[in-house]
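Protein chains in written order, with my numbering: chain A, 1 to 261; chain B, 262 to 645.
Note that CB positions come from ideal geometry on N, CA and C, so glycine has one too.
Here is the structure we will look at, set down as C-alpha cells.
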Amino acid sequence: MNIIVCIKQVPDTTNVRIDPETNTLVRSGVQSIINPFDMYAIEEAIRLKEKFGGMVTIVTMGPPQAEEALREAISLGADEAVLVSDRAFAGSDTWATSYTLSKTIGKIGKFDLVICGKQAIDGDTAQVGPGIAAFMDIPQITFVKKIEDIKDSLICAERMTEEGYDIVESPLPCLITVVKEINEPRLPSLKGKMRAKKIEIRKLEAKDLDADPDSLGLKGSPTKVVKIFTPPPRKGGQILEGEAKDTSAKLVELLKGEICL
Amino acid sequence: MDYLLTEQQIMVRDIARQIAHEKIKPVAAKYDAEGIFPWDIVKIMAASDLCGIYIEEKYGGTGGGAMELVLATEELSRACGGISLAFAATALGTFPIILFGTQEQKMKYLPDIAKGKKLAAFGLTEAGAGSDAGAIATTAEKKGDHYILNGTKQWITNGGEAEVYTVVASTNRSKGARGAAAFIVEKGTKGFEFGKKEDKMGIRASATRELVFTDCKIPKENILGKEGMGFIVAMKTFDQSRPGVAAQALGIAQGALDLTIQYMKERKQFGKSISSFQGLQFMLADMATEIEASRALIYACARMIDSGNSKVGKDSAMAKLFASDMAMKVTTDCVQLFGGYGYMRDYPIEKYMRDAKITQIYEGTNQIQRSIIANHLIKETASK
Numbered sequence: 001m002n003i004i005v006c007i008k009q010v011p012d013t014t015n016v017r018i019d020p021e022t023n024t025l026v027r028s029g030v031q032s033i034i035n036p037f038d039m040y041a042i043e044e045a046i047r048l049k050e051k052f053g054g055m056v057t058i059v060t061m062g063p064p065q066a067e068e069a070l071r072e073a074i075s076l077g078a079d080e081a082v083l084v085s086d087r088a089f090a091g092s093d094t095w096a097t098s099y100t101l102s103k104t105i106g107k108i109g110k111f112d113l114v115i116c117g118k119q120a121i122d123g124d125t126a127q128v129g130p131g132i133a134a135f136m137d138i139p140q141i142t143f144v145k146k147i148e149d150i151k152d153s154l155i156c157a158e159r160m161t162e163e164g165y166d167i168v169e170s171p172l173p174c175l176i177t178v179v180k181e182i183n184e185p186r187l188p189s190l191k192g193k194m195r196a197k198k199i200e201i202r203k204l205e206a207k208d209l210d211a212d213p214d215s216l217g218l219k220g221s222p223t224k225v226v227k228i229f230t231p232p233p234r235k236g237g238q239i240l241e242g243e244a245k246d247t248s249a250k251l252v253e254l255l256k257g258e259i260c261l
Numbered sequence: 262m263d264y265l266l267t268e269q270q271i272m273v274r275d276i277a278r279q280i281a282h283e284k285i286k287p288v289a290a291k292y293d294a295e296g297i298f299p300w301d302i303v304k305i306m307a308a309s310d311l312c313g314i315y316i317e318e319k320y321g322g323t324g325g326g327a328m329e330l331v332l333a334t335e336e337l338s339r340a341c342g343g344i345s346l347a348f349a350a351t352a353l354g355t356f357p358i359i360l361f362g363t364q365e366q367k368m369k370y371l372p373d374i375a376k377g378k379k380l381a382a383f384g385l386t387e388a389g390a391g392s393d394a395g396a397i398a399t400t401a402e403k404k405g406d407h408y409i410l411n412g413t414k415q416w417i418t419n420g421g422e423a424e425v426y427t428v429v430a431s432t433n434r435s436k437g438a439r440g441a442a443a444f445i446v447e448k449g450t451k452g453f454e455f456g457k458k459e460d461k462m463g464i465r466a467s468a469t470r471e472l473v474f475t476d477c478k479i480p481k482e483n484i485l486g487k488e489g490m491g492f493i494v495a496m497k498t499f500d501q502s503r504p505g506v507a508a509q510a511l512g513i514a515q516g517a518l519d520l521t522i523q524y525m526k527e528r529k530q531f532g533k534s535i536s537s538f539q540g541l542q543f544m545l546a547d548m549a550t551e552i553e554a555s556r557a558l559i560y561a562c563a564r565m566i567d568s569g570n571s572k573v574g575k576d577s578a579m580a581k582l583f584a585s586d587m588a589m590k591v592t593t594d595c596v597q598l599f600g601g602y603g604y605m606r607d608y609p610i611e612k613y614m615r616d617a618k619i620t621q622i623y624e625g626t627n628q629i630q631r632s633i634i635a636n637h638l639i640k641e642t643a644s645k
C-alpha cells in the first residue's frame, strides 16, 4: 500500500496579524506549521502503512523553507518526502496548484492512495484535493471521517455530510480528503526526529515535471485576486418598540421602502 | 542559560516538553484528584521513544544517559510531578540492572523497559527501615537453585503497575548491611502480592504500594551482583538516580514559577497588575535565580555521571538536596503570590506545593543527603 500525502506549510494563525494598510497577512515573526488538517492526513497514512505495509511519501509545493514541514512529517513516521519548488510556481491559484501537484505525483511512481487534509487554514478553499483527483483522472472521496476497509483494490469510507455521513466505496487508486474526526495525530518520536534530521529531501523543479509551462504559476491561474479587504463590521440593526399591532405595520412599511415588497 | 546540549538532547527535551504541554497538562488536575495511574501517558512516552533514552542501543534504547533522563524528567514534571514519576521511578528500578546486571539479565529485561512495554520499580524501604536501610527485615534464603523471599516492602513507587522489581533483601541477617543482596522479581511470581495503595498528600497520579513476599520462590539467576552486595547496589543506584529526583523537583519549581508569572500579569490590585510591585518582583527574581542554580548543579552532575566518573556520591546528593529544598521554597512562595486563590484547589498552584514536598523526603531524606555530603567531606580531608 503506497500512499502519497499532500501537505501545505501555513502560518500559525493562532497568533497572526493582518496589515491594516495592505490587508494581507503579516508573515514576519509568525511561526510556520503544517496545516492542521494535513496532520490528520499524515496520521491516517502512517496508520494505514502500519496495518498494510508499504510506503508513505509526503509532497509539498512551496518555497524552500517548506522543507521544515516535510522533515516534521518524517519525524512522525513518513518514509520519504518531495519538495516541489520553483519561482515559476509563484502566484499559483488552486487550479495551477492542483495541476502542479498532480504532475508531481505522476513523477513519484506507483501509488494506491493520495490523502489530503480537507482544506488549508489560510486559504480555506478545499479545492486542491479534489483538483488533484480531477487532473489525474482518479476517483475522489472528500471529507472522510473514517476508513472502514481497504481490500481487493477497493476502499470503503465514511464521508461526513451536514446531515450525517455517506458510506462510499471506490476503486484504488483514489484520492481522499480527511476531516479532524478521523483520528488523533501522534507526537513525533525521538528516532523519527533523528531520521528527519538526516533524510535527503527529493527536490523537483518545473523542468522536472513534464508540465505545460503555460499552466503553471500566475500564467496558469484563471483566478485573479483583484482586491483583498476586511469586510466592514455589521452595524447594529433597528429595534421597533411598541405594541405588536403597531410594530408589525411599521415593519411592513419599512420593508416596502427598503426592498420594494 | 545555554547549557550547550547535543542535538539529540535537544530533541529529547522538545519531545518531553510537547508531551507535557499537549498531553499531561490537560489531565494533571483530574489524575491528581482521582489518583489515576497515567497508563495513557506512558503509552505516548513509549511511542515517542522516551522510555529508552537512558538505555544503551544494543538493549533497545537510544543510547543516552543521566543527562537525557534529567532533561525528560524536568520537562514532564513541569506539567505534573506525579505523572512524570511513572517514567522516573522506572529509571530508578532499572539502574540496578544497568549497573550490576549480567549480559543475560540485561538482554532479558532492558529491551521491554526501553520500548515502554514494561515499567520497573525499586524496593528497599520497609516499615522499620527507612533512613536506616541496614535494618531491613525482608529475607532471601537460598534453597538449591532458588531464593525464597519473605517480608514486606513499603511505599514502593510504581508498585502494582510495574512488571520488573529490583528488591533488596537480607541473605544473612547477622551481617546487617553486609548481609544484603539485590534481586530481580517479576510481577506475577507466586508468593509476590501487593498491599494497599497509599493515599498521599502529593504525587497522587503515582502508585505507591507495599510489596508483600510470602515464600516467594525466584531463580538464583535473578540475583544482581553477589550476596553481600545489596547495599552497594542500592547506594550506587541512588548515586545515579538522585539527579532524576532533583530534576523532578526542578521541573515542579519551574512549572510553578511559569504559572505564577502568568497569574501576576493578569491579577490586578490597587488598579495595577501585581507583577508591577517591586516587592513581588524581587520574589520572582529570587525564585528564577534559585531555579537556574539548581539546573546548573543538576546538569553538571548528570554530565559527570555520563563521563563515566563513578565518584558522584557527594555531587548527586548535593543536587538532590539543593533542588528539592529549592522546590519546596519556590512552590510555597508561588502559593503566596497567588494569595487566597493559591490556597484553593480550583487553581493549579497548590498541587505543585504538595508534589514538591516528597522530593525532600524520598530517595534519601535531605537529612541523609547532608550526612552523605558531610561524610564525603570528612573522608576527602582525611585522605589529603
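Just to make sure I have the definition right: I need the residues of chain D whose C-beta is within less than 7 Å of the C-beta of Val273(B). Which are they?
The structure shown has no chain D; the protein chains it does contain are A and B.
Using a Cβ-Cβ cut-off of less than 8 Å, give me the residues of the stretch 468-491 of chain B that come near chain A, in sequence order.
none
Taking just the CA atoms, how far does Ala388(B) sit from Ala277(B)?
35 Å
By the 10 Å Cβ neighbour count, where 16 or more other Cβ atoms means buried, how is Asp38(A) classified, buried or exposed?
buried
For Leu113(A), the first and last residue of its enclosing alpha helix (DSSP H)
Premise fails: Leu113(A) lies in the beta strand (DSSP E), 113-117, not in any alpha helix (DSSP H).
Neighbourhood of Gly123(A) by C-beta distance below 8 Å, restricted to the same chain and skipping five residues each side:
Thr94
Among Lys319(B), Leu360(B), Lys590(B), Gly326(B), which has the Cα closest to the Cα of Ala510(B)?
Lys590(B)
Would you say the stretch 92-108 of chain A touches the stretch 119-133 of chain A, given that touching needs at least three Cβ pairs under 8 Å?
yes
Strand pairing of His407(B), partner residues [DSSP]
Lys404(B), Pro480(B)
Could you tell me if the beta carbon of Val506(B) falls within a distance shorter than 6 Å of some heavy atom in the ligand ZN?
Looking for the ligand ZN in the displayed structure turns up nothing, as the structure carries no ligands at all.
In terms of residues, what are the limits of the alpha helix (DSSP H) holding Lys376(B)?
Note, Lys376(B): premise wrong, no alpha helix (DSSP H); not H, not E.
I want to know whether the stretch 502-517 of chain B touches the stretch 324-332 of chain B - three or more CB-CB distances under 8 Å.
yes
Distance between Gly452(B) and Tyr608(B) (C-alpha atoms, nearest Å):
44 Å
Three-way DSSP call (helix, strand, coil) for Arg234(A) in this model:
coil
Short check: CB of Ala41(A) to CB of Val5(A), under 7 Å?
yes
Can you pull the chain B residues whose beta carbon is under 9 Å from the beta carbon of Leu187(A), in chain order?
Ile276, Gln279, Ile280, Glu283, Lys284, Ile305, Ala308, Ser309
In the DSSP assignment, find the unbroken beta strand (DSSP E) run with Ser309(B) in it and report its ends.
Looking at the DSSP string, Ser309(B) is not in any beta strand (DSSP E), and its letter there is neither H nor E.
Residue from Lys379(B), Ser435(B), Asp275(B), Met368(B) with nearest C-alpha to Glu72(A):
Asp275(B)
Beta-carbon proximity check, Met587(B) vs Ser555(B), cutoff 7 Å:
yes
For Thr60(A), which beta-bridge partners are listed by DSSP?
Ile7(A), Leu83(A)
Where do the N-terminal and C-terminal ends of the beta strand (DSSP E) with Cys174(A) fall, by residue?
174-178
At which residues does the beta strand (DSSP E) containing Tyr264(B) begin and terminate?
That residue, Tyr264(B), is in no beta strand (DSSP E); it is neither H nor E in DSSP.
Validate contact between the stretch 174-186 of chain A and the stretch 104-120 of chain A using beta carbons, cut 8 Å, 3 pairs
yes
Closer than 9 Å at the beta carbon, the chain A residues around Thr323(B):
Leu190, Lys191, Met194
Going along chain B, which residues have a C-beta under 8 Å from Lys273(A)?
This structure cannot settle anything about residue 273(A), because the visible part of chain A is limited to 1 through 261.
Pick out whichever of Cys562(B), Glu553(B), Gly569(B) has its Cα sitting closest to the Cα of Ala578(B).
Cys562(B)
Give the secondary structure of Ser555(B) by DSSP, where H, G and I count as helix, E and B as strand, and everything else as coil.
helix
Shortest alpha-carbon distance to Gln415(B) belongs to which of Glu283(B), Glu402(B), Ser435(B), Ser392(B)?
Ser392(B)
Measure the beta-carbon distance from Ile445(B) to Val425(B) and round it to whole angstroms, keeping in mind my assumption that it falls under 8 Å.
7 Å
Classify Leu198(A): buried if its beta carbon has 16 or more other beta carbons within 10 angstroms, exposed otherwise.
Before going on, a small fix: residue 198(A) reads as Lys here, not Leu. Flag for Lys198(A) reads exposed.
Figure out for me which residue from Glu482(B), Ala549(B), Thr620(B), Leu380(B) has the closest Cα to the Cα of Gln364(B).
Glu482(B)
For a test of the three-state rule: what should DSSP assign to Lys572(B), helix, strand or coil?
coil
Partners in chain A for Ile314(B), counting only beta-carbon separations shorter than 9 Å:
Leu190
Can you tell me whether Ser644(B) is buried or exposed, with buried defined as 16 or more other CB within 10 angstroms of its CB?
exposed
To test your reading of the DSSP string, which unbroken beta strand (DSSP E) runs of 3 or more residues are found completely within the stretch 189-240 of chain A?
202-204
Which term fits Arg17(A), buried or exposed, when burial requires 16 or more other beta carbons within 10 angstroms of its beta carbon?
exposed
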